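Peer 1: Quick one: the structure is below, questions incoming.
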C-alpha cells in the first residue's frame, strides 16, 4: 500500500465533512455563549466543557505513553496544542483573562492551522485519529465560546504575556528537539504535509518568520477588543 494512503489526506471528502462539523459547532457555541452571557448558565456550561476536554485528551495521552503506542517524537505533550487544551480547561473553569487569552491566541491561530492543514498519520479507527480532531475542535470552540460568546476578550497585558510564554516554550522545546532528535512544534524541520510554514523559507528562517507572523496576528486579534473598551 502506498505510504500516502496510510495518512489522513487533507482536503479529501472526509476532511471537508470534518470542516463542516467544525464550522457548525463554532457557530452554535458562539450563539450559545451570547445567549448565556452574564448568567449563571455560562459558569455551569463552562465547567462542564472544562471537564469534558480532559475526558477526551487524558485517555489519549495515557494511551500514547503505553509501550505499544509510545513514540518519542510524537507521544509527549510538548506541542502548543497540548498547552492549548490545558489553558482552555483553566480558562473555562476560572474565566480568568490570562488562560482565556492563551486559549484565544493559540486556538484561533495554531490550532486552526492544524484543522485546516492537518499533519496526521492515523486513520479511522485509530484512537489517535479521534483524539486529534476532538482536541483541535474543543480548543477552538472553547476559545470562541469564551471570547465571541461570553465577551472575555484579551488585553494588551495578556497579549504580552502570551508572547513571553510562547517564546519560552519555543526555547525549551527547541532545546529538547535538538538534544533528542525529534521535532515537536516543527522547530527543527517542517511537517511532512503542506502548511503555512512551506511559504516561509528554509530552516531556521521559517521559525523566526512564523513567530513574527504570530506576534503580529495576535496584535491584530487584540486590537478590536481594546478599541471597543
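In this note's numbering, the protein residues as written are -12 to 216. Cβ coordinates follow ideal geometry from the N, Cα and C atoms, glycine included. Predicted, not measured: the structure shown is a model, and the values here were computed from it.
#1: Inspect the CB distances between the region 128 to 144 and the region 201 to 216 and report whether three or more fall short of 8 Å.
#2: Tell me, please, whether the region 95 to 112 touches the region 30 to 38 by the rule of three or more beta-carbon pairs shorter than 8 Å.
#3: Give the straight-line distance between the Cα atoms of residue -4 and residue 3, rounded to the nearest whole angstrom.
#4: Taking the straight line between their C-alpha atoms, what separation do you get for residue 117 and residue 111?
#5: Span of the alpha helix (DSSP H) holding residue 55?
#6: Whole angstroms are fine: how far does the CA of residue 194 sit from the CA of residue 44?
#7: Is residue 59 closer than 8 Å to residue 166 when the C-beta atoms are compared?
#8: Return yes when the Cβ of residue 75 is within less than 8 Å of the Cβ of residue 159, no when it is not.
#9: Keeping to the same chain, check which residues put their C-beta closer than 7 Å to that of residue 86; ignore five residues upstream and five downstream.
#10: For the putative contact between residue 148 and residue 17, defined by C-beta atoms under 8 Å, what is the C-beta separation to the nearest angstrom?
#11: Does residue -1 pass the burial test, meaning 16 or more other C-beta atoms within 10 Å, or should it be called exposed?
#12: Cutting at 7 Å between CB atoms, please list the residues of its own chain near residue 9, excluding the five before and the five after it.
#13: Can you name, in chain order, every residue of its own chain whose Cβ lies under 7 Å from the Cβ of residue 128, other than the five neighbours on each side?
#14: So what does DSSP say about residue 174, is it helix, strand or coil?
#15: What are the boundary residues of the alpha helix (DSSP H) that residue 69 is part of?
#16: Since residue 161 is in the alpha helix (DSSP H), which residue starts that stretch and which ends it?
#17: Quick check on DSSP: helix, strand or coil for residue 61?
#18: Check whether the Cβ of residue 116 sits closer than 7 Å to any heavy atom of the ligand SAH, and report yes or no.
#19: Within 10 angstroms of the Cβ of residue 172, are there 16 or more other Cβ atoms? Answer buried if so, exposed if not.
#20: So, for residue 5: in the same chain, excluding its five sequence neighbours on each side, which residues have a beta-carbon less than 7 Å away from its beta-carbon?
#21: Is residue 81 near residue 130, with beta carbons less than 8 Å apart?
#22: Compare the beta carbon distance of residue 202 and residue 152 with 8 Å and say whether it is the shorter of the two.
Peer 2: Straight from the coordinates:
#1: As far as the Cβ criterion goes, the region 128 to 144 touches the region 201 to 216, which means the pair count is three or higher.
#2: Contact between the region 95 to 112 and the region 30 to 38 is absent, because fewer than three Cβ pairs lie under 8 Å.
#3: Looking up residue -4 in the chain shown gives position 9. Looking up residue 3 in the chain shown gives position 16. Between residue -4 and residue 3, the C-alpha separation is close to 11 Å.
#4: As a first step, residue 117 is located in the chain shown; it is residue number 130 there, counting from the start. As a first step, residue 111 is located in the chain shown; it is residue number 124 there, counting from the start. Each residue's Cα considered, the two are about 8 Å apart.
#5: One-based indexing of the chain shown puts residue 55 at position 68. Counting along the chain, residue 55 falls outside any alpha helix (DSSP H), and DSSP gives it neither H nor E.
#6: Within the chain shown, the letter at position 57 stands for residue 44. Within the chain shown, the letter at position 207 stands for residue 194. Going by the C-alpha atoms only, they are around 27 Å apart.
#7: For the purposes of this step, residue 166 is taken as residue 179 along the chain shown, with counting starting at 1. For the purposes of this step, residue 59 is taken as residue 72 along the chain shown, with counting starting at 1. No, they are not a contact pair.
#8: As a first step, residue 159 must be located in the chain shown, where it is residue number 172. As a first step, residue 75 must be located in the chain shown, where it is residue number 88. No, these two residues do not count as a Cβ contact at 8 Å.
#9: Here residue 86 is taken as the residue at index 99 of the chain shown, counted from 1. Excluding sequence positions up to five before and after residue 86, its CB lies within less than 7 Å of the CB of 74, 77, 78, all in the same chain and listed in chain order.
#10: Within the chain shown, the letter at position 161 stands for residue 148. Within the chain shown, the letter at position 30 stands for residue 17. About 25 Å separates the Cβ atoms of residue 148 and residue 17, ruling out a contact at the 8 Å cut-off.
#11: Taking the chain shown and counting its residues from 1, the one referred to as residue -1 is at position 12. It counts as exposed.
#12: Here residue 9 corresponds to residue number 22 of the chain shown, with the count starting at 1. In the same chain as residue 9, and ignoring 5 residues on each side of it, the C-beta atoms closer than 7 Å to its own belong to 102, 124, in chain order.
#13: The residue you call residue 128 lines up with position 141 of the chain shown. Around residue 128, the same chain offers 12, 13, 16 as residues with beta carbons nearer than 7 Å, after the five sequence neighbours per side are excluded.
#14: Looking up residue 174 in the chain shown gives position 187. Coil, per DSSP.
#15: Counting from 1 along the chain shown, the entry for residue 69 is found at position 82. Here the alpha helix (DSSP H) through residue 69 covers 67 to 81.
#16: By one-based count along the chain shown, residue 161 stands at place 174. 143 to 167 is the extent of the alpha helix (DSSP H) around residue 161.
#17: Sequence index remark: in the chain shown, residue 61 carries index 74 (1-based). The answer is coil: DSSP assigns residue 61 none of H, G, I, E or B.
#18: Because no ligand of any kind appears in the structure shown, any question about the ligand SAH cannot be addressed here.
#19: Taking the first residue of the chain shown as position 1, residue 172 is located at position 185. With 16 or more other Cβ atoms within 10 Å, it is buried.
#20: To locate residue 5, count along the chain shown from 1; it is residue 18. These residues qualify, in order along the chain: 120.
#21: The sequence position of residue 81 within the chain shown is 94, counting from 1. The sequence position of residue 130 within the chain shown is 143, counting from 1. Not closer than 8 Å, so no.
#22: Looking up residue 202 in the chain shown gives position 215. Looking up residue 152 in the chain shown gives position 165. Their beta carbons are not under 8 Å apart, which means residue 202 does not touch residue 152 by this criterion.
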